[in-house]
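Using numbering that gives the first Met the number 0, the letters of the sequence shown map in sequence onto residues 0 to 403. A virtual CB, placed ideally from N, CA and C, is assigned to each residue, including glycine. Every value quoted in this text rests on a predicted model; they were computed, and no experiment measured them.
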Amino acid sequence: MTTAILGAGILGTCAALEIADRGGRVVLIERNAQPISEASLHNEGKVHVGLTYAADPTPDTVRTMQTGAARFLDVLARWVPADALDRLRSQPFDYAVLDDSQVPPDAVERHFARVEAAWRQAARGSARPPVAPDRPFWRPLAEAERLARYAPGRVTAAYETAEIAIDPRGLAPLLRRAVADHPRIEWLGRTRITGIERQDRGYFILADGPTGPARLGPFPSVVNALWANRPWLDRMLGIDQPGPWFTRFKAGVRIAGPPPAGLRSVTAVLGPYGDVVVQPHGETYLSWYPDCMIGSTRNAERGEWSEHAAGIDGDRIAMRAIAAMAAIQPAAAAFLASPPAAIEVSGGAIYALAVSDIDDRASRLHRRDIVGIRSYDAYHSVDTSKFTLGPALAVDVADRVHPR
Ligand SMILES: Cc1cc2nc3c(=O)[nH]c(=O)nc-3n(C[C@H](O)[C@H](O)[C@H](O)COP(=O)(O)OP(=O)(O)OC[C@H]3O[C@@H](n4cnc5c(N)ncnc54)[C@H](O)[C@@H]3O)c2cc1C
0 MTTAILGAGI
10 LGTCAALEIA
20 DRGGRVVLIE
30 RNAQPISEAS
40 LHNEGKVHVG
50 LTYAADPTPD
60 TVRTMQTGAA
70 RFLDVLARWV
80 PADALDRLRS
90 QPFDYAVLDD
100 SQVPPDAVER
110 HFARVEAAWR
120 QAARGSARPP
130 VAPDRPFWRP
140 LAEAERLARY
150 APGRVTAAYE
160 TAEIAIDPRG
170 LAPLLRRAVA
180 DHPRIEWLGR
190 TRITGIERQD
200 RGYFILADGP
210 TGPARLGPFP
220 SVVNALWANR
230 PWLDRMLGID
240 QPGPWFTRFK
250 AGVRIAGPPP
260 AGLRSVTAVL
270 GPYGDVVVQP
280 HGETYLSWYP
290 DCMIGSTRNA
300 ERGEWSEHAA
310 GIDGDRIAMR
320 AIAAMAAIQP
330 AAAAFLASPP
340 AAIEVSGGAI
350 YALAVSDIDD
360 RASRLHRRDI
370 VGIRSYDAYH
380 SVDTSKFTLG
390 PALAVDVADR
400 VHPR
């Protein structure tokens, strides 16, 4: 029984490891030379516990995020030493409510209180919760603290929270090693999937690999983990995913070297804003939505970051994003005063069910509850939705492919 896993992002990689650990054989097919090379490498790494989703009037997005967050480190710790995972934790996030926020501070606080109460339940079964349930979860900054960290006028309220990111750049080599070392995973890198066929004997994967075109299989079961290209392959089997969907192509700015004194990890809420992530090993991740969102498509079956990123001016994006963040968090202005030597602008696709963008408070992008696995016989198509949900969904899809 060999399962074909298509795409080696966080979802495909963890699913391959989980199925192989259960005794199944796996072929992991990926166009890049290494696992975790696209969105799962270039994202910000925030392990969402739901604080960001203050515009969802239902509890569903918080529940979805917390289900993933509570299992995130537990699942990864099967393949990555727990102390190595601990070294990937970012500085915890502050939340800064901007003067033109879609949600005012009193509603943000009510939302945070609900998120905290839900987390106390969700984290119970977790051996390694990314936010320990006994830690202070959030607290408002007193005015003097807020003014010391954030721009007066622009930031109307600010909160310290216990939410963190796990640095995807640090995680990627650890998961790559686990794949390379696993005796039941056959790694087919540099192999572009071009099609799929279903026959009585199973599924055949059409691909272009290092030795030319190939027809791989038959496989009794398949996991489609192609992220923004997922609908394209589904359609070849006559499967239409729910829609409408909206694929955005978003960049982030990575700045090497120690962060400026006093720089805080912060998420600006709620609207088309951005984040700063102070990573544990002296790198800063920074994004500003109006500059970092470089393109989008609606209901396109394929979504390729590389096509949208061709020709972007990375230096301009970086400097504009830094300037926008410095207008919120003055400590970031040090990046402008003495521009860092090493700045990288990279990104990926973000697939989500929605019509309008996040500047619309009613946009479905403010909700991430219709996500996860859809199974059609032995073919499983997975909308990861978030890095946060990848490891947990990988275990869930393994339960369908190779139950314990
Ligand atoms: C800038 C940015 C910031 C983000 N920040 C966060 C965050 O802070 N927290 C969070 O929870 N989520 C975040 N996300 C979302 C998160 O990155 C994604 O939800 C997650 O990484 C998707 O994982 P995946 O494994 O499904 O997709 P991917 O990591 O993209 O993996 C899919 C794989 O399929 C491969 N593939 C595609 N087509 C083919 C083909 N034809 N042949 C062979 N291989 C193919 C790709 O090469 C890729 O390796 C962010 C995303 C972006 C872009």
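For Arg119, tell me which candidate among Leu146, Val48, His41 has the shortest Cα-Cα distance.
Position 120 of the sequence shown, counting from 1, holds the residue named residue 119. Looking at the Cα atoms, Val48 is the closest of the given residues.
Cα-Cα separation, Pro271 to Asp358:
Looking up residue 271 in the sequence shown gives position 272. Looking up residue 358 in the sequence shown gives position 359. Approximately 6 Å, taken between the alpha carbons.
Looking at the secondary structure, which residues open and close the alpha helix (DSSP H) in which Arg363 lies?
Numbered from 1 along the sequence shown, position 364 holds the residue referred to as residue 363. Here Arg363 belongs to no alpha helix (DSSP H), and DSSP marks it neither H nor E.
Any heavy atom of ligand 1 closer than 7 Å to the CB of Thr160?
As a position in the sequence shown, residue 160 is number 161, starting the count at 1. Incorrect: Thr160 has no Cβ contact closer than 7 Å to ligand 1.
Consider the C-beta atom of Arg366 and the heavy atoms of ligand 1; say whether any pair is separated by less than 7 Å.
What you label residue 366 is simply residue 367 of the sequence shown in a count that begins at 1. Not so, every heavy atom of ligand 1 lies at least 7 Å from the Cβ.
Using a threshold of 7 Å, is the CB atom of Ser264 nearer than that to any non-hydrogen atom of ligand 2?
Although ligand 2 was asked about, the structure shown includes only ligand 1 as ligands.
Would you list the one or two residues that DSSP bridges to Ile204?
Residue numbering aside, residue 204 sits at position 205 when the sequence shown is read from its first letter. DSSP lists Ile195, Leu215 as partners of Ile204.
In terms of residue numbering, what span does the beta strand (DSSP E) encompassing Pro139 cover?
In the sequence shown, counting from the first residue as 1, residue 139 sits at position 140. 137-139 is the extent of the beta strand (DSSP E) around Pro139.
Would the C-beta of Ala323 count as close to ligand 1, meaning under 7 Å from any of its heavy atoms?
For this step, residue 323 is matched to residue 324 along the sequence shown. Incorrect: Ala323 has no Cβ contact closer than 7 Å to ligand 1.
Label Asn298 either buried or exposed according to how many other C-beta atoms from any shown protein chain fall within 10 Å of its C-beta, with 16 as the threshold for buried.
Walking along the sequence shown from the start, residue 298 turns up at place 299. Exposed: under 16 other Cβ atoms inside 10 Å.
How would you label Thr210, buried or exposed, when you count the other beta carbons within 10 angstroms and need 16 or more for buried?
The residue given as residue 210 occupies position 211 in the sequence shown. Classification for Thr210: exposed.
Could you check what DSSP says for Tyr288 in three-state terms: helix, strand or coil?
Within the sequence shown, numbered from 1, the residue matching residue 288 stands at position 289. DSSP places Tyr288 in helix when its eight states are reduced to three.
Assuming contact is defined by CB atoms lying nearer than 8 Å, are Val114 and Leu50 in contact in what I supplied?
The sequence position of residue 114 within the sequence shown is 115, counting from 1. The sequence position of residue 50 within the sequence shown is 51, counting from 1. Cβ atoms of Val114 and Leu50: closer than 8 Å.
Suppose contacts are defined by Cβ-Cβ distances below 8 Å. Is Pro58 in contact with Ala117 by that definition?
Indexing the sequence shown from 1 puts residue 58 at position 59. Indexing the sequence shown from 1 puts residue 117 at position 118. Yes, they are a contact pair.
Alpha carbon to alpha carbon, how far is Leu173 from Val409? Give it in angstroms, no decimals.
The structure shown does not extend to residue 409, since the chain is modelled only from 0 through 403, so no value can be given for it.
What is the DSSP secondary structure of Arg315, counted as helix, strand or coil?
Start at 1 with the first residue of the sequence shown, and residue 315 comes out as number 316. Helix.
Please name the residue in Val102, Leu16, Thr283 whose C-alpha comes closest to that of Ala76.
Residue 76 sits at position 77 when you count from the first residue of the sequence shown. Here the closest residue by C-alpha is Leu16.
Could you give the first and the last residue of the continuous beta strand (DSSP E) run that contains Glu185?
Counting from one through the sequence shown, the residue named residue 185 turns up at place 186. Here the beta strand (DSSP E) through Glu185 covers 184-187.
Quick one: is Met0 buried, meaning 16 or more other Cβ sit within 10 Å of its Cβ, or exposed?
Working through the sequence shown from its first residue, we reach residue 0 at position 1. Under this definition Met0 is an exposed residue.
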